[in-house]
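Trainee:
Residue numbers (this note's numbering): 43 to 396.
1. Is residue 174 helix, strand or coil by DSSP?
2. When you compare only the Cα positions, how much space is there between residue 422 and residue 141?
3. For a quick check, are the C-beta atoms of residue 200 and residue 181 less than 8 Å apart?
4. How would you call residue 177, buried or exposed, if buried means at least 16 neighbouring beta carbons within 10 angstroms?
5. Judging by CA-CA distance, which residue of 187, 144, 129, 197 is the nearest neighbour of residue 157?
6. Given a cut-off of 8 Å on the beta-carbon distance, is the pair residue 232 and residue 282 in contact?
7. Among 175, 327, 206, which residue has its Cα nearest to the Cα of residue 197?
8. Under a Cβ-count criterion, where at least 16 other Cβ atoms within 10 Å of its own Cβ denotes burial, should residue 134 be classed as buried or exposed?
9. Check the DSSP bridge columns for residue 76 and list the partner residues they point to.
10. Which partner residues of residue 344 appear in the DSSP bridge assignment?
11. In the DSSP assignment, the alpha helix (DSSP H) including residue 149 goes from what residue to what residue?
12. If we call anything under 8 Å between Cβ atoms a contact, is residue 138 one with residue 114?
13. In chain order, which continuous runs of the beta strand (DSSP E) of length 3 or greater are located wholly inside the segment 90 to 135?
14. Does the Cβ-Cβ distance between residue 312 and residue 345 come in under 8 Å?
15. Where do the N-terminal and C-terminal ends of the alpha helix (DSSP H) with residue 320 fall, by residue?
16. Here's the rule: buried if 16 or more other CB atoms are within 10 angstroms of the residue's CB, otherwise exposed. What is residue 352?
17. Would you tell me roughly how many angstroms separate the C-alpha atoms of residue 218 and residue 211, rounded to the nearest one?
18. From residue 119 to residue 72, what does the alpha carbon distance come to, in whole angstroms?
19. Express the C-alpha separation of residue 238 and residue 220 in angstroms, rounding to a whole number.
20. Report the rounded CA-to-CA distance for residue 317 versus residue 225, giving the unit in angstroms.
21. Apply the 10 Å Cβ neighbour rule to residue 297 and answer buried if 16 or more other Cβ atoms are within range, or exposed otherwise.
22. By Cβ distance, which residues of its chain are closer than 6 Å to residue 117, with the 5 residues on each side in sequence left out?
23. For residue 132 versus residue 195, is the C-beta spacing smaller than 8 Å?
24. Just the C-alpha distance for residue 242 and residue 235, rounded to the nearest angstrom, thanks.
25. Under the DSSP definition of a beta bridge, which residues are partnered with residue 203?
26. Looking at C-alpha atoms only, which residue of 122, 339, 333 is the closest neighbour of residue 349?
27. Using the beta-carbon count (16 or more within 10 Å), is residue 104 buried or exposed?
28. Determine the direct distance from the alpha carbon of residue 287 to that of residue 247, and round the result to whole angstroms.
29. Any idea if residue 75 is buried or exposed, counting beta-carbon neighbours within 10 angstroms, 16 or more meaning buried?
30. Taking the continuous alpha helix (DSSP H) assigned at residue 262, which residues delimit it?
31. Would you say residue 259 touches the ligand COA, meaning its beta carbon is less than 7 Å from a heavy atom?
32. On the premise that residue 185 lies in contact with residue 130, defined as a C-beta separation below 8 Å, what is that separation, rounded to the nearest angstrom?
33. To the nearest whole angstrom, what separates the beta carbons of residue 205 and residue 267, a pair I think is in contact under 8 Å?
34. Give the single residue among 128, 192, 216, 244 whose Cα lies nearest to the Cα of residue 255.
This is the structure in structure tokens:
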């Protein structure tokens with residue numbers, strides 16, 4: 043398709059820096075992958091780079107995540123160098139509040155991105171492995187590849203574990219609430235939506251968000267978390283409300299993740315499902331290599347997951363397929379005055395704004 047007015051795709055003269063990104067999504071959850079335009083990200087490792095951008099470059103997170111370029115529930119991934127030789131790329135995750143340590147939906151998108159944009163030079167059929175160094179550790183993604191095209195993605199996560207079960211916390215407006223806490227690259231609190239008189243699939247999103255946020259705030263103030271390898275990972279990322287169907291079944295079980303500053307995940311939540319599988323295994327509700335299907339209460343999109351090995355901690359193999367659709371290339375330019383120019387050509391979307 044060619045614009046009938048012959049508009050140029052070149053950027054107009056400008057004084058601001060250019061941030062180039064690619065927008066993708068997994069199961070409805072967005073991912074803005076930052077290609078270029080960031081200043082040098084200093085640090086010897088991915089975790090130290092995470093600390094550096096949080097302390098020195100956070101204004102760029104706000105530029106890319108918030109309106110007018112983003113929105114309240116935008117999610118981002120900044121590609122960085124990894125200190126691990128076998129990693130194909132390192133990544134820092136960002137959202138409306140700050141920086142995460144793990145994101146499964148982003149790993150799925152990044153797997154396809156790495157193959158489509160040739161970060162992996164020689165893709166193989168029927169599946170190409172992409173090693174992604176996340177702040178929580180090395181995650182191995184496996185991308186379907188056939189006839190030059192990418193497809194579904196699965197990944198082996200970092201070791202996951204149940205941190206505590208049947209923890210009683212005082213939640214304002216709800217008296218005492220019993221929660222489970224589990225880790226899947228990030229820590230989550232889990233509680234049944236029915237505890238608040240809510241239904242994952244039918245209740246208003248605002249009511250679900252308010253309940254989950256109240257739990258998150260209470261757990262943060264009342265429970266001290268610990269991670270066996272790094273205290274940088276020892277923080278509660280959010281609360282996942284579930285339909286309570288944790289015993290094994292071939293039918294999907296629904297959940298909704300509310301993380302960061304009351305941000306709603308449109309997907310079933312990759313790291314959250316990883317943590318939930320670890321919790322179900324810990325409780326004896328599922329066995330090794332027993333696959334469960336998880337449904338997003340927000341969009342109905344599906345992920346599958348299973349526990350594959352016990353190491354004292356329990357690594358999770360997480361699968362998702364056919365959950366990605368078109369990607370978009372964008373460039374953002376900071377100008378002294380607001381200026382918006384949109385041009386669409388095939389699947390390329392360029393936004394210029396200040």
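Built from N, CA and C at the ideal position, the CB exists for glycine as well.
These figures come from a predicted structure and were not determined experimentally.
Mentor: So, from the listed chains and residues:
1. As a first step, residue 174 must be located in the chain shown, where it is residue number 132. DSSP places residue 174 in strand when its eight states are reduced to three.
2. Nothing in the structure corresponds to residue 422, since the chain is present only between 43 and 396.
3. Looking up residue 200 in the chain shown gives position 158. Looking up residue 181 in the chain shown gives position 139. It is a contact, given that the beta carbons lie within the stated cut-off.
4. Reading the chain shown from its first residue, position 135 is the one you call residue 177. That one is buried.
5. Position 115 of the chain shown, counting from 1, holds the residue named residue 157. Measuring from the Cα of residue 157, the nearest candidate turns out to be 187.
6. Against the chain shown, residue 232 aligns to sequence position 190. Against the chain shown, residue 282 aligns to sequence position 240. Here residue 232 is near residue 282, since their CB atoms are less than 8 Å apart.
7. Working through the chain shown from its first residue, we reach residue 197 at position 155. Taking only the C-alpha atoms, the option nearest residue 197 is 175.
8. The sequence position of residue 134 within the chain shown is 92, counting from 1. With 16 or more other Cβ atoms within 10 Å, it is buried.
9. Translated into the one-based positions of the chain shown, residue 76 becomes position 34. Looking at the DSSP assignment, residue 76 forms a beta bridge with 63, 120.
10. Here residue 344 corresponds to residue number 302 of the chain shown, with the count starting at 1. Beta-bridge pairing links residue 344 to 337.
11. Translated into positions along the chain shown, residue 149 becomes position 107. Residue 149 -> alpha helix (DSSP H) spans 146 to 158.
12. The residue you call residue 138 lines up with position 96 of the chain shown. The residue you call residue 114 lines up with position 72 of the chain shown. In contact: residue 138 and residue 114 (Cβ atoms closer than 8 Å).
13. Segments of the beta strand (DSSP E) lying fully in the segment 90 to 135: 118 to 122.
14. Walking along the chain shown from the start, residue 312 turns up at place 270. Walking along the chain shown from the start, residue 345 turns up at place 303. It is a contact, given that the beta carbons lie within the stated cut-off.
15. Here the question's residue 320 lines up with position 278 in the chain shown. Unbroken alpha helix (DSSP H) run through residue 320: 312 to 324.
16. Reading the chain shown from its first residue, position 310 is the one you call residue 352. Residue 352 should be labelled exposed.
17. Mapped onto the chain shown, residue 218 falls at position 176. Mapped onto the chain shown, residue 211 falls at position 169. Distance between the alpha carbons of residue 218 and residue 211 is about 6 Å.
18. The count along the chain shown starts at 1 and reaches residue 119 at position 77. The count along the chain shown starts at 1 and reaches residue 72 at position 30. Whole-angstrom Cα-Cα distance: 10 Å.
19. On the chain shown, position 178 is the one that residue 220 refers to. On the chain shown, position 196 is the one that residue 238 refers to. In a straight line, the C-alpha of residue 220 is about 11 Å away from that of residue 238.
20. Looking up residue 317 in the chain shown gives position 275. Looking up residue 225 in the chain shown gives position 183. When only Cα atoms are considered, residue 317 and residue 225 end up about 5 Å apart.
21. As a position in the chain shown, residue 297 is number 255, starting the count at 1. Answer is buried; the Cβ neighbour count reaches 16.
22. For the purposes of this step, residue 117 is identified with residue 75 of the chain shown, where counting begins at 1. Excluding residues up to 5 positions away in sequence, 72, 73, 137 lie with their Cβ nearer than 6 Å to the Cβ of residue 117 in the same chain.
23. Against the chain shown, residue 132 aligns to sequence position 90. Against the chain shown, residue 195 aligns to sequence position 153. Contact flag unset, no.
24. In the chain shown, counting from the first residue as 1, residue 242 sits at position 200. In the chain shown, counting from the first residue as 1, residue 235 sits at position 193. If you take the alpha carbons of residue 242 and residue 235, they lie about 6 Å apart.
25. In the chain shown, counting from the first residue as 1, residue 203 sits at position 161. Answer is 225.
26. For the purposes of this step, residue 349 is taken as the residue at position 307 of the chain shown. The shortest C-alpha separation from residue 349 is found at 333.
27. Along the chain shown, one-based indexing puts residue 104 at 62. Per the 10 Å Cβ criterion, exposed.
28. As a first step, residue 247 must be located in the chain shown, where it is residue number 205. As a first step, residue 287 must be located in the chain shown, where it is residue number 245. Rounded to the nearest angstrom, the two C-alpha atoms are 20 Å apart.
29. Along the chain shown, read from residue 1 onward, the residue named residue 75 stands at position 33. With 16 or more other Cβ atoms within 10 Å, it is buried.
30. Taking the chain shown and counting its residues from 1, one reaches residue 262 at position 220. Per DSSP, residue 262 belongs to the alpha helix (DSSP H) from 247 to 264.
31. Inclusion of the ligand COA in the displayed structure is not the case, the ligand content being empty and no account of it being possible.
32. As a position in the chain shown, residue 130 is number 88, starting the count at 1. As a position in the chain shown, residue 185 is number 143, starting the count at 1. In fact, because the Cβ distance is near 11 Å, the residues do not count as touching under 8 Å.
33. Position 163 of the chain shown holds residue 205. Position 225 of the chain shown holds residue 267. Going by Cβ atoms, the distance from residue 205 to residue 267 rounds to 7 Å, so yes, they are a contact pair.
34. Along the chain shown, read from residue 1 onward, the residue named residue 255 stands at position 213. Ranking the options by Cα distance to residue 255, first place goes to 216.
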